[in-house]
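Engineer: In order, the protein sequences belong to chains A and B. The opening position of the first sequence corresponds to residue 17 in our numbering, with each subsequent residue numbered one higher. The opening position of the second sequence corresponds to residue 794 in our numbering, with each subsequent residue numbered one higher.
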Amino acid sequence: MSLDLATTRRIAKLARIGLEEHELEATRQKLNGILGWIDQLAEVDVEGVPPMVGTETETLRQREDKVTDGNCRDALLACAPETSGPFYTVPKVVE
Amino acid sequence: MSYVIEGKTGPWEIVVGLEVHAQVISQSKLFSGASTKFGGDPNTQVSLVDAAFPGMLPVINKECVAQAIRTGLGLNAQINLFSRFDRKNYFYADLPQGYQISQFEHPIIGKGSIEIELQSGETRQIGITRLHLEQDAGKLLHDQDPTKSFVDLNRAGVALMEIVSEPDIREPEEAGAYLRKLRQILRYLGTCDGNMEEGSMRADVNVSVRKAGEPFRTRCEIKNVNSIRFVMQAIEVEATRQIEIWENGGEVDQETRLFDPGRGETRTMRSKEDAHDYRYFPDPDLLPLVVEQAWVDELKSKLPELPDAKRARFQKDYGIPSYDAGVLVAEQAVADFYETVAKGRDGKLAASWVIGDLFAALNRTSNTIETSPVSAASLGKMLDLIADGTINGKIAKEVFEDMVETGDSPDAIVERKGLRQVTDTGVIDAAIAAILEKHADKVAEYRGGKDKLFGFFVGQVMKETKGKANPALVNSALKAQLDG
């Protein structure tokens, strides 16, 4: 698998990574290196082997439906770069 | 005659599928222990998991899984004992994780169906493609500041069921009927309150148009329509827009649009340009969700009676017509009320009092069935008073109005106002004798062949007895005295 420049630009945009035009080619080569390495996995014959979903053999742990968390607004907002009153704030996004 | 929109080039069919997001009724969120209560102080019902702090791990709420299974059972759908959670990646300020935990490849519920009924009385099956569990996003407030949007994460992480229909809907009325029926089933099951105003049920509408017999053409998705009426309007508006494009030689782009009810138009959502590139992958924090058939069976055995079954039973047990049964089962509280009134009594009479007098009184006094000033037990008691001859049907209306006003029991009202029906033939005979004497001229006319005057005499006798005489006794006694 090999990425072209347009795909590299698109992936960067989707991941919200700001890339300058002159950085694109180098990024493309790095990503292709990673993809090439990962592609080695394709050499293994996995015909008829179910996909592995985790290393644990247990099933998903489930909790009871009880309110046990929350009510920590001050602590949460203290970590935010911008707040106003009880809210987080972000640059205006409106349709 | 099926529904079509007339274009310049002839009639067009519409093809509609609905994706409904239904907020699951639960105490705490899908993957965290924060409260789901509506209307809390901003950002107070948020845990570190919901705010996506590094290293926090999601743990699934068993009740949310149960609610999804109950809903699947209510939609006659396949329950998948194996399902899995995936990450749906996108950036938006209401989604702190940068991805929504959803179910893409392996949803918990597979194919099912809903029977809808149209105004014509005709019924249709609308297929359900799937139902999956996912997290809700937070809420953005745009009107608090000129340059900032405010973020409230109380809703972030609340469990949603996304219920996807097949593209089986062919007219706006069917879309409305589908949403009403789905909401009714969810409410009966107690899995979602179906409140579209508060946003606990929202619809995305997929619309395309085609000429009869054609395969499907490109569809557009109209996001987050928040009332049944708007869904029906949006379908018509969007279909008309697409027909215009096709007829002018254009090509409809597959895109996400917004419905603006004020302007009666849909418009494209720029922010969703990359929306179809979600880069789903299995969530490495969550093992597959495996449920036991025994648990599904247990949940099934405890399901409440659903509207279709209840309607059929009401028709059979209480001898009421299909239409009345439909009205009575529309809301579970009304159905319960009716059943309390009707049980062991005349089912038709009970239906006519509930649908007629009770509904009118609730309307007039701005009450709902839950806040009804007349309890089901009282209304039942009043029917007993009619049945045992204590009061007649006419007096019952008066008693009922008093019940609405005072909340008193019907027997207390009958005693207080002295409304007990007169069945003493002596009293009735005396009243008749007085009336016949007073209207001797009319008696002569009657005997001369003017039969229609009989009603006049009945009316006068009832008036003389203040409406309390037993009408059957008055009729027979009057007939005997006039004709005898």
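Ideal Cβ placement from N, Cα and C applies to all residues, glycine included.
Please go through the segment 1099–1134 of chain B and give each complete alpha helix (DSSP H) segment of 4 or more residues, from N-terminal end onward.
Structural biologist: 1100–1111, 1115–1122
Engineer: My understanding is that I1003 (chain B) touches R1010 (chain B), with C-beta atoms under 8 Å, so please give their C-beta distance in whole angstroms.
Structural biologist: In the second sequence, residue 1003 (chain B) corresponds to position 210, counting from 1. In the second sequence, residue 1010 (chain B) corresponds to position 217, counting from 1. In the sequence on display, residue 1003 (chain B) carries Arg and not Ile. Contact holds; Cβ gap of about 5 Å.
Engineer: Hey, is V65 (chain A)'s beta-carbon within less than 8 Å of any beta-carbon in chain B?
Structural biologist: Position 49 of the first sequence, counted from the first residue, corresponds to residue 65 (chain A). Taking Cβ atoms only, chain B never reaches closer than 8 Å to V65 (chain A), which makes this a no.
Engineer: Looking at the secondary structure, which residues open and close the alpha helix (DSSP H) in which A91 (chain A) lies?
Structural biologist: For the purposes of this step, residue 91 (chain A) is taken as the residue at position 75 of the first sequence. 89–94 is the span of the alpha helix (DSSP H), which, as asked, contains A91 (chain A).
Engineer: With the cut-off set at 8 Å, would you say M954 (chain B) and L982 (chain B) are in Cβ contact?
Structural biologist: As a first step, residue 954 (chain B) is located in the second sequence; it is residue number 161 there, counting from the start. As a first step, residue 982 (chain B) is located in the second sequence; it is residue number 189 there, counting from the start. Cβ atoms of M954 (chain B) and L982 (chain B): not closer than 8 Å.
Engineer: Find the nearest neighbour of R814 (chain B) within the set B:R976, B:D1217, B:A1205, B:R880, judged by alpha-carbon distance.
Structural biologist: Here residue 814 (chain B) corresponds to residue number 21 of the second sequence, with the count starting at 1. The sequence shown places His at residue 814 (chain B), not Arg. It is B:R976.
Engineer: Candidates B:I1184, B:G1119, B:L1178, B:V1197: which alpha carbon is nearest L1151 (chain B)'s?
Structural biologist: Reading the second sequence from its first residue, position 358 is the one you call residue 1151 (chain B). Residue B:V1197 is the option with its Cα nearest to L1151 (chain B).
Engineer: With DSSP as the reference, please indicate the residues paired to S906 (chain B) in a beta bridge.
Structural biologist: Here residue 906 (chain B) is taken as the residue at index 113 of the second sequence, counted from 1. B:G920.
Engineer: When DSSP labels each residue in this structure, what does N48 (chain A) get in the three-state scheme?
Structural biologist: Looking up residue 48 (chain A) in the first sequence gives position 32. DSSP places N48 (chain A) in helix when its eight states are reduced to three.
Engineer: For E991 (chain B), name the three-state secondary structure that DSSP assigns.
Structural biologist: For the purposes of this step, residue 991 (chain B) is taken as the residue at position 198 of the second sequence. Here E991 (chain B) sits in coil by DSSP.
Engineer: Could you list which residues in chain A have their beta carbon closer than 7 Å to that of P835 (chain B), in chain order?
Structural biologist: Along the second sequence, one-based indexing puts residue 835 (chain B) at 42. Chain A residues near P835 (chain B): P102, F103.
Engineer: Please classify C985 (chain B) as buried or exposed, where buried requires at least 16 neighbouring CB atoms within 10 angstroms.
Structural biologist: One-based indexing of the second sequence puts residue 985 (chain B) at position 192. Result: buried.
Engineer: Cβ closer than 8 Å: which chain A residues qualify as neighbours of G826 (chain B)?
Structural biologist: Reading the second sequence from its first residue, position 33 is the one you call residue 826 (chain B). What G826 (chain B) touches in chain A: R79, K82, V83, T84, D85, G86.
Engineer: Using only alpha-carbon positions, find the residue among B:T1258, B:P1114, B:P960 that is nearest to A1282 (chain B).
Structural biologist: Residue 1282 (chain B) lies beyond the stretch modelled for chain B, which goes from 794 to 1277, so this question has no answer here.
Engineer: How about R25 (chain A): is its C-beta nearer than 8 Å to some C-beta of chain B?
Structural biologist: Taking the first residue of the first sequence as 1, we reach residue 25 (chain A) at position 9. Not an interface residue.
Engineer: Could you tell me whether the Cβ atoms of R79 (chain A) and V842 (chain B) are closer together than 8 Å?
Structural biologist: Locating residue 79 (chain A) in the first sequence gives position 63, where the first residue counts as 1. Locating residue 842 (chain B) in the second sequence gives position 49, where the first residue counts as 1. Contact annotation: R79 (chain A) and V842 (chain B) have beta-carbon atoms that are not nearer than 8 Å.
Engineer: Round the Cβ separation of A1027 (chain B) and T1059 (chain B) to the nearest angstrom and send it over; I've been treating them as touching at under 8 Å.
Structural biologist: Position 234 of the second sequence holds residue 1027 (chain B). Position 266 of the second sequence holds residue 1059 (chain B). The pair is a contact, with the Cβ atoms about 6 Å apart (cut-off 8 Å).
Engineer: Please identify the residue among B:Y885, B:D1276, B:T802 whose C-alpha is closest to the C-alpha of A1005 (chain B).
Structural biologist: To locate residue 1005 (chain B), count along the second sequence from 1; it is residue 212. Among B:Y885, B:D1276, B:T802, the Cα nearest to that of A1005 (chain B) is on B:T802.
Engineer: Below 8 Å CB to CB, which residues in the same chain sit around G833 (chain B) once its five sequence neighbours on both sides are set aside?
Structural biologist: Locating residue 833 (chain B) in the second sequence gives position 40, counting from the first residue. The residues are N947.
Engineer: Is the beta carbon of D1070 (chain B) sitting closer than 8 Å to the one on L30 (chain A)?
Structural biologist: By 1-based counting over the second sequence, the position of residue 1070 (chain B) is 277. By 1-based counting over the first sequence, the position of residue 30 (chain A) is 14. Against a cut-off of 8 Å, the Cβ pair of L30 (chain A) and D1070 (chain B) comes out as a contact.
Engineer: Out of B:K1235, B:K1245, B:D1217, B:E1238, which has the shortest C-alpha to C-alpha gap to A1270 (chain B)?
Structural biologist: Residue 1270 (chain B) sits at position 477 when you count from the first residue of the second sequence. Ranked by Cα distance from A1270 (chain B), the first of B:K1235, B:K1245, B:D1217, B:E1238 is B:D1217.
Engineer: Give me the Cα-Cα distance between D1195 (chain B) and G1252 (chain B), rounded to the nearest whole angstrom.
Structural biologist: Locating residue 1195 (chain B) in the second sequence gives position 402, counting from the first residue. Locating residue 1252 (chain B) in the second sequence gives position 459, counting from the first residue. Those two C-alpha atoms are separated by around 23 Å.
Engineer: Taking the alpha carbon of L1099 (chain B) as the point to measure from, which residue in B:H899, B:E908, B:A827 has its own alpha carbon closest?
Structural biologist: By one-based count along the second sequence, residue 1099 (chain B) stands at place 306. Of the listed residues, the one whose Cα sits closest to L1099 (chain B) is B:E908.
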